[in-house]
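Notes to accompany the following structure.
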Ligand SMILES: Cc1cc2nc3c(=O)[nH]c(=O)nc-3n(C[C@H](O)[C@H](O)[C@H](O)COP(=O)(O)OP(=O)(O)OC[C@H]3O[C@@H](n4cnc5c(N)ncnc54)[C@H](O)[C@@H]3O)c2cc1C
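Residue numbers (my numbering), protein chains in the order written: chain A, 3 to 418; chain B, 2 to 96.
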């Protein structure tokens with residue numbers, strides 16, 4: 003299905019009866035060159051770049067539910083490349099560059115809106131740490147501006163600057179950060195992959211792997227056995243469950259993260275704002291709802307819903323930062339299952355089983371990574387070696403003492 | 002979630018902090034010949050099951066005891082709560 007202004011006009015005159023589905027509903031073939039397990043943002047992006055960058059089109063994306071029903075459709079849509087460590091920052095900056103050209107690339111409106119992200123600081127040491135992070139960002143040209151209190155006040159006069167406990171000291175601003183329409187990312191990649199020949203198999207759950215002499219030769223699914231030369235897992239919160247079918251234990255725990263949306267309000271919040279003293283972040287959607295969130299609930303779970311203490315904690319954070327937010331009514335809240343890794347950083351890697359690849363450990367920050375994750379995973383699958391910005395995302399980094407721990411929390415997934 | 006503490010009765014889970022899988026009680030022996038491998042697995046790898054999970058909770062805002070809670074990670078239902086001390090002694094990990 004292709005779109006144009008003319009098509010919109012014509013369909014408007016003829017009762018909108020000529021629209022056709024954006025991707026096919028094919029039957030599984032007996033064998034593919036590559037099977038991607040998981041039709042989230044990362045799986046679909048991988049299929050898209052495999053077809054587009056490497057000409058590998060005999061590919062299936064196998065999704066247990068419907069595409070976009072996982073975290074790619076549940077996140078708070080923030081994109082940014084404001085990391086500090088060398089293993090991470092070039093990767094996230096590649097992702098930002100891919101976002102900047104994505105709509106032209108896959109010819110789909112993903113509502114990419116670079117209206118900036120502001121991380122607030124509340125003390126001198128925190129401000130110094132942000133200056134350091136900003137310098138690390140500048141090394142890859144990600145762009146970072148250190149702001150003093152008055153500059154922040156100009157941008158967001160409604161913040162509680164003189165909060166008795168956490169007065170605002172300043173902040174670091176990445177003007178290129180912003181938000182992206184998450185569903186459209188899944189749909190745009192799906193349409194782009196499908197039109198190049200990729201089969202998207204929905205309602206098809208992977209229940210096991212075909213392992214022959216230690217080599218992965220395909221998957222067992224609820225729609226039968228499908229063989230493949232390469233199998234690439236990208237199931238985010240379900241990583242532990244799926245990789246257990248290959249007897250693998252991962253440096254990952256599954257946790258729930260909640261998100262909240264208020265009723266629609268007039269334009270209020272200029273970009274994305276994060277509280278530096280508690281865990282709270284907020285942006286405003288095009289429909290006017292305040293989209294906000296905070297900490298994960300903090301215990302292992304596969305239930306896609308959270309508990310009330312975190313709701314309270316997030317709202318307290320909001321009140322401490324933006325007192326007027328107390329007047330807005332909460333409209334919706336939901337949860338998604340995060341693949342929280344032991345150092346807070348992801349994996350895009352081969353496994354010890356030939357033919358079986360793993361992509362996961364994205365924690366609460368994998369949406370912004372979607373383009374680069376797909377790009378680098380496709381590179382790994384096509385070339386057999388990691389892309390240069392993803393060389394550190396290996397499963398053996400704990401054994402080698404090469405963790406990428408942005409927060410310095412150690413092997414405690416619920417603190418990352 | 003309400004955790005039915007064996008000593009102080011039902012308490013709100015918000016009074017506790019969560020550490021993780023109760024297998025952390027089984028700290029390996031550092032004199033082990035392949036200690037680096039065993040410690041790698043102990044410290045970094047998890048079963049992360051969907052279903053029953055035995056896990057360590059610390060009653061930080063309460064009596065400060067460590068508990069082993071058996072909870073279903075798909076429903077949040079708690080089926081058993083034990084003092085971690087008792088579990089450790091039974092596994093010969095403490096006195
Ligand atoms: C509330 C919330 C807020 C977030 N906010 C942000 C944010 O602001 N910025 C940011 O960068 N990130 C954010 N994230 C994180 C981000 O959404 C995830 O890291 C990212 O979407 C994960 O990759 P994915 O899109 O491929 O995952 P998913 O969309 O979850 O895809 C995985 C897919 O695998 C499928 N699957 C699972 N098991 C099987 C099986 N056995 N067989 C077949 N298919 C299977 C699932 O059904 C699912 O569709 C947030 C997450 C949540 C929950």
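Ideal Cβ positions, reconstructed from N, Cα and C, are used throughout, including at glycine. Bear in mind the structure is a predicted one, so any value in this text is a computation, not a measurement.
Quick one: does the C-beta of residue i sit closer than 6 Å to a heavy atom of ligand 1?
i	result
residue 3 of chain B	no
residue 49 of chain B	no
residue 80 of chain A	yes
residue 39 of chain A	yes
residue 44 of chain A	yes
residue 367 of chain A	yes
residue 240 of chain A	yes
residue 111 of chain A	no
residue 198 of chain A	no
residue 236 of chain A	yes
residue 4 of chain A	no
residue 338 of chain A	yes
residue 76 of chain A	yes
residue 308 of chain A	no
residue 73 of chain A	yes
In or out: residue i buried (at least 16 other Cβ within 10 Å) or exposed?
i	result
residue 7 of chain A	exposed
residue 61 of chain B	exposed
residue 419 of chain A	As displayed, chain A neither begins before 3 nor continues past 418, which places residue 419 of chain A out of reach and without an answer.
residue 129 of chain A	buried
residue 78 of chain A	buried
residue 68 of chain A	exposed
residue 3 of chain B	exposed
residue 72 of chain B	buried
residue 90 of chain B	exposed
residue 53 of chain B	exposed
Kindly examine ligand 2 and report whether one of its heavy atoms sits closer than 6 Å to the Cβ of residue i.
i	result
residue 183 of chain A	As for ligand 2, it is missing from this structure, which binds only ligand 1.
So, with DSSP's three-state summary, where would you put residue i?
i	result
residue 137 of chain A	helix
residue 402 of chain A	coil
residue 218 of chain A	strand
residue 21 of chain A	coil
residue 77 of chain A	coil
residue 175 of chain A	strand
residue 68 of chain A	coil
residue 232 of chain A	strand
residue 303 of chain A	coil
residue 128 of chain A	helix
residue 76 of chain B	coil
residue 85 of chain A	coil
residue 335 of chain A	strand
residue 294 of chain A	strand
residue 245 of chain A	helix
residue 435 of chain A	Nothing in the structure corresponds to residue 435 of chain A, since chain A is present only between 3 and 418.
Can you give the beta carbon distance from residue i to residue j, rounded, assuming they're within the 8 Å contact cut?
i	j	result
residue 343 of chain A	residue 415 of chain A	6 Å
residue 200 of chain A	residue 63 of chain A	6 Å
residue 374 of chain A	residue 100 of chain A	6 Å
residue 217 of chain A	residue 233 of chain A	About 10 Å; that fails the 8 Å criterion.
residue 335 of chain A	residue 279 of chain A	Not a contact, Cβ separation roughly 23 Å.
residue 162 of chain A	residue 323 of chain A	6 Å
residue 191 of chain A	residue 47 of chain A	5 Å
residue 256 of chain A	residue 340 of chain A	7 Å
Locate the alpha helix (DSSP H) running through residue i, then write down its first and last residues.
i	result
residue 90 of chain B	85-91
residue 48 of chain A	43-56
residue 325 of chain A	Neither: residue 325 of chain A is in no alpha helix (DSSP H) and is coded neither H nor E.
residue 364 of chain A	Run containing residue 364 of chain A: none; DSSP gives neither H nor E here.
residue 101 of chain A	91-108
For a cutoff of 7 Å on Cβ pairs, would you count residue i as touching chain E?
i	result
residue 49 of chain B	The question asks about chain E, but that chain is absent: this structure's protein chains are A and B.
Along the beta strand (DSSP E) that carries residue i, what are the first and last residues, could you check?
i	result
residue 352 of chain A	349-352
residue 11 of chain B	10-13
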